[in-house]
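The numbering used here puts the last residue of the sequence shown at 293; the count rises by one with no breaks. Built from N, CA and C at the ideal position, the CB exists for glycine as well. Report on the following structure.
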Amino acid sequence: MENFTNETIDVSALPKFEEVQFTSLHPNYWKVILLYWLIFFLILGIAAAAILYFVEDLGGFQLGVGCTFIIFLGLSVFFSRISFRKKAFAFRNHDVLFRYGVIATNTVVIPYNRVQHVALHEGLLSRYFGLAKIEIFTAGGSSSDIEIPGIEKSQAENIKQLLMGKIQKQL
123 MENFTNETID VSALPKFEEV QFTSLHPNYW KVILLYWLIF FLILGIAAAA
173 ILYFVEDLGG FQLGVGCTFI IFLGLSVFFS RISFRKKAFA FRNHDVLFRY
223 GVIATNTVVI PYNRVQHVAL HEGLLSRYFG LAKIEIFTAG GSSSDIEIPG
273 IEKSQAENIK QLLMGKIQKQ L
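Next up, the structure:
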């Protein structure tokens, strides 16, 4: 019978993912985000204007709605910018890392041997700017575990081929 051991691991000797050189999203992805917000607020503004047009004599209500609209727009763009700047990715020999967040920074690390499927998507606006999104799926879920948007399409295709190669090696 084999002797069972359960030694303590020196956590200070473990590799630190914080020291990894992350790659930021393509700068054109910020334009995509802004265009999506513009479309959203344009539709919302038209709807609000139509409602306020047909309602008569609300006193200062229209001014309040307008100020709220502008504040909401400003906060949305502000927090989207923070989120955009924090998003980054890295590929190492054995795993893929994705960093994101607004107030707190989260880092997801997925070993290649857990990757089951990889998908590449191009949205309408992203395609216009030559960008794509990589989705990485692991076993046990119907949705992707990592979505890395704002990658130049040729780089996204190379990443997909890299990951598909890692999947094939496991089989």
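- prompt: Looking only at C-alpha atoms, which of Arg236, Gly262, Tyr250, Leu284 sits nearest to Ile256?
  reply: Start at 1 with the first residue of the sequence shown, and residue 256 comes out as number 134. Looking at Arg236, Gly262, Tyr250, Leu284, the one whose alpha-carbon comes closest to that of Ile256 is Leu284.
- prompt: Could you give the residue range of the alpha helix (DSSP H) that holds Gln184?
  reply: Working through the sequence shown from its first residue, we reach residue 184 at position 62. First-last of the alpha helix (DSSP H) with Gln184: 183-208.
query: Is it buried or exposed for Lys291, if we count other Cβ within 10 angstroms and need 16 for buried?
result: Looking up residue 291 in the sequence shown gives position 169. Per the 10 Å Cβ criterion, exposed.
query: What's the C-alpha gap between His243 and Glu274?
result: On the sequence shown, position 121 is the one that residue 243 refers to. On the sequence shown, position 152 is the one that residue 274 refers to. Rounded to whole angstroms, His243 to Glu274 spans 12 Å at the Cα level.
query: Quick one: Cα of Ala151 to Cα of Gly272, how far?
result: Here residue 151 corresponds to residue number 29 of the sequence shown, with the count starting at 1. Here residue 272 corresponds to residue number 150 of the sequence shown, with the count starting at 1. Inspection of the sequence shows that residue 151 is occupied by Tyr rather than by Ala. Going from the Cα of Tyr151 to the Cα of Gly272 covers about 5 Å.
- prompt: So, helix, strand or coil for Phe163, using DSSP?
  reply: Counted from its first residue, the sequence shown places residue 163 at position 41. Three-state DSSP puts Phe163 in a helix.
query: Anyone know if the C-beta pair for Ala254 and Gln238 falls short of 9 Å?
result: Within the sequence shown, numbered from 1, the residue matching residue 254 stands at position 132. Within the sequence shown, numbered from 1, the residue matching residue 238 stands at position 116. The answer is no: Cβ separation not under 9 Å.
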